[in-house]
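Reading through the structure tokens given below for one structure.
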Amino acid sequence: MEREPVEVAILGAGIAGCALAYHLARRQIGPTVLLDPRTPAAGASGRAAGVVTEQLWNAWDVEVVRESHREYADLCREWDPGAYRRNGFLRFTEQPEKFAPLREAEERLKRWGASVHLLDRAELERRLPEARFGESALGLDSPHDACVDPTALTGIYAEGARRRGVRFELGVPSPGLAREDGRWSVRVPSFELRARRLVLAAGAWTKGIARTLGHPLPLTPYRTQLSLLRPPTPARAEFPSGHDLDTDVYVRPEVNGRILAGNGTGPREADPERFATGGDPEFLEHIASTLGDRWPRWADSEVVASWAGVCTSTPDRRPLIGAVPGAEELFVIAGFNGFGVMRGGGSARRLSVLLSDPDGAEAGALLGPVAPSRFPPGTPGDPPRPGFTLEAGREPRF
Ligand SMILES: Cc1cc2nc3c(=O)[nH]c(=O)nc-3n(C[C@H](O)[C@H](O)[C@H](O)COP(=O)(O)OP(=O)(O)OC[C@H]3O[C@@H](n4cnc5c(N)ncnc54)[C@H](O)[C@@H]3O)c2cc1C
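In this note's numbering, the protein residues as written are 146 to 543.
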């Protein structure tokens with residue numbers, strides 16, 4: 146069998162792997178091959194809501210999302226303008242005990258350079274006339290946030306990488322991996338690559354691959370759900386995505402007057418090879434009751450589709466991006482805690498800097514907070530936690 150030398154082999158054609166292939170090709174790093182047993186965006190990337198918001202948990206997140214957001218706007222403008230809309234994002238609550246943490250979140254996010262401001266009840270109603278609020282309510286608005294079509298975006302990255310010479314091996318069996326003579330052997334029945342570097346970008350599957358290689362990582366795959374709904378009258382195309390802190394349901398506009406509504410972080414570990422791909426009845430009931438109370442115009446929406454995908458959490462909510470400790474020339478980009486679409490482009494660009502110059506100071510500065518080496522070997526994964534909370538580091542959360 147032919148044994149082909151390549152510079153980098155990437156496992157996984159989700160947004161992380163495809164964006165990494167794109168950025169490596171732009172840096173002309175050398176022959177790069179991306180392998181996936183499925184097709185681009187067949188994993189979590191093709192099941193995501195595509196909300197892009199700077200209302201996140203730490204300064205690194207805000208920077209990376211801002212960088213990703215800029216890149217998504219540029220790429221979609223060139224390749225698929227319909228895949229991007231700058232509609233803004235709002236979090237809100239009616240519960241007075243959450244007002245102080247929301248105010249703290251505003252201060253913290255402003256310190257990190259995010260463009261956010263608080264809205265009182267009257268302002269909330271003006272910004273989101275579709276929603277109904279009780280006596281008192283407080284919201285946090287980030288008007289420059291956006292949402293994207295994650296499948297289209299992953300495809301744009303894949304196509305951009307392919308045009309710059311990256312080879313895609315899709316629909317191949319999961320490759321056999323071994324470290325031999327200072328190279329990674331990446332073997333499928335029809336060919337073998339001899340890669341200088343191997344990158345695990347396999348989303349929820351990364352945990353199992355790393356374990357098989359003898360380098361376990363503190364990742365926990367978990368299931369989360371989304372529904373596509375058709376309201377009785379079409380929703381306006383640019384209403385701001387809204388996250389209700391009291392029910393943990395978020396809603397965003399979708400094409401043709403439809404809406405996407407989601408929540409439902411499963412608190413248990415899931416197996417990405419064997420999980421229930423459809424939405425649970427309890428999930429749909431929760432969405433229906435939230436729409437009834439909060440979004441009365443959409444209470445009688447028709448359920449067009451309802452599905453689940455598998456995301457991956459880490460103990461501190463930060464992803465794992467960089468060299469796998471104790472392993473030679475093995476890298477990872479995974480553990481996005483449910484926010485891998487919004488962080489994907491910027492994270493991949495940063496990893497491409499590291500792969501171009503592993504000892505350079507630039508990569509250390511760009512990826513320091515998410516380096517896998519922050520966890521001692523053998524650190525177990527934590528149970529997953531809900532997504533759009535107000536938590537920051539170890540600060541209080543709901
Ligand atoms: C319902 C839902 C809603 C979401 N909403 C949002 C949102 O609004 N905003 C946001 O930012 N994020 C959101 N996310 C999270 C986001 O989808 C993920 O964080 C992101 O897609 C992860 O991308 P990835 O490329 O790391 O993994 P994936 O997209 O899962 O890709 C992993 C790929 O690896 C491949 N693979 C598996 N095994 C192997 C192997 N052995 N060799 C090679 N390849 C392999 C798989 O086939 C798959 O294609 C949501 C997720 C879900 C499920």
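C-beta: ideal position from N, C-alpha, C; glycine also.
Hey, residue i and residue j: beta-carbon distance below 8 angstroms or not?
i      : j      : result
Val331 : Glu337 : yes
Gly480 : Ser458 : yes
Ala259 : His360 : no
Glu268 : Trp440 : no
Glu251 : Ser281 : no
Arg403 : Val209 : no
Asp294 : Ala228 : yes
Arg342 : Glu507 : no
Ala380 : Pro363 : no
Pro385 : Trp443 : no
On the DSSP bridge assignment, give the partners of residue i in chain order.
i      : result
Thr238 : Leu283
Tyr395 : His388, Gly407
Val333 : Phe336
Tyr367 : Cys456
Ile155 : Leu179, Val344
Tyr229 : Val293
Glu314 : Leu180
Val207 : Val207 pairs with nothing; no bridge assigned.
Arg148 : Glu337
If distances are taken between C-alpha atoms only, which option among the options comes closest to residue i?
i      : options                        : result
Arg192 : Phe313, Thr299, His431, Pro334 : Thr299
Arg328 : Ala154, Pro503, Gly505         : Ala154
Asp461 : Gly509, Arg530, Ala444         : Arg530
Val178 : Leu263, Trp224, Leu345         : Leu345
Pro514 : Gly423, Gly483, Arg463         : Arg463
Ile354 : Thr435, Glu418, Pro334, Val400 : Glu418
Thr351 : Ala158, Ala228, Leu220, Val486 : Ala158
Ala170 : Leu511, Gly467, Phe520, Gly310 : Gly310
Glu149 : Gly467, Tyr217, Ser335, Leu465 : Ser335
Arg266 : Phe278, Arg256, Lys255         : Phe278
Leu221 : Gly490, Asp389, Arg312, Leu322 : For clarity, residue 221 is Cys in the given sequence; the question names Leu instead. The residue with the shortest Cα to Cα distance from Cys221 is Gly490.
Point to revise | the segment 150–169 contacting the segment 297–305, beta-carbon criterion three pairs below 8 angstroms | key: yes
Check your understanding: Between the segment 356–374 and the segment 451–467, do at least 3 Cβ pairs fall closer than 8 angstroms?
Key -> yes
Exercise for review: Say whether the segment 189–204 touches the segment 228–244, bearing in mind that this needs 3 or more beta-carbon pairs closer than 8 angstroms, one atom from each stretch.
Suggested key: yes
Check your understanding: Going along the chain, which unbroken runs of the beta strand (DSSP E) with 3 or more residues stay wholly within the segment 452–487?
Key -> 465–468, 475–479
Check your understanding: Would you call the segment 246–257 and the segment 279–294 in contact, with 3 or more CB pairs under 8 angstroms?
Key -> yes
Exercise for review: Kindly confirm or deny that the segment 401–420 and the segment 518–532 touch, where touching means at least three C-beta pairs closer than 8 angstroms.
Suggested key: yes
Check your understanding: Is the segment 173–190 touching the segment 311–324 in the sense that three or more CB pairs, one from each, lie closer than 8 angstroms?
Key -> yes
Review point. In chain order, which beta strand (DSSP E) runs of at least 3 residues are fully inside the segment 250–303?
Key: 262–264, 283–287, 291–293
**Study point:** In chain order, each alpha helix (DSSP H) run of at least 4 residues that lies wholly inside the segment 488–515
**Key:** 506–512
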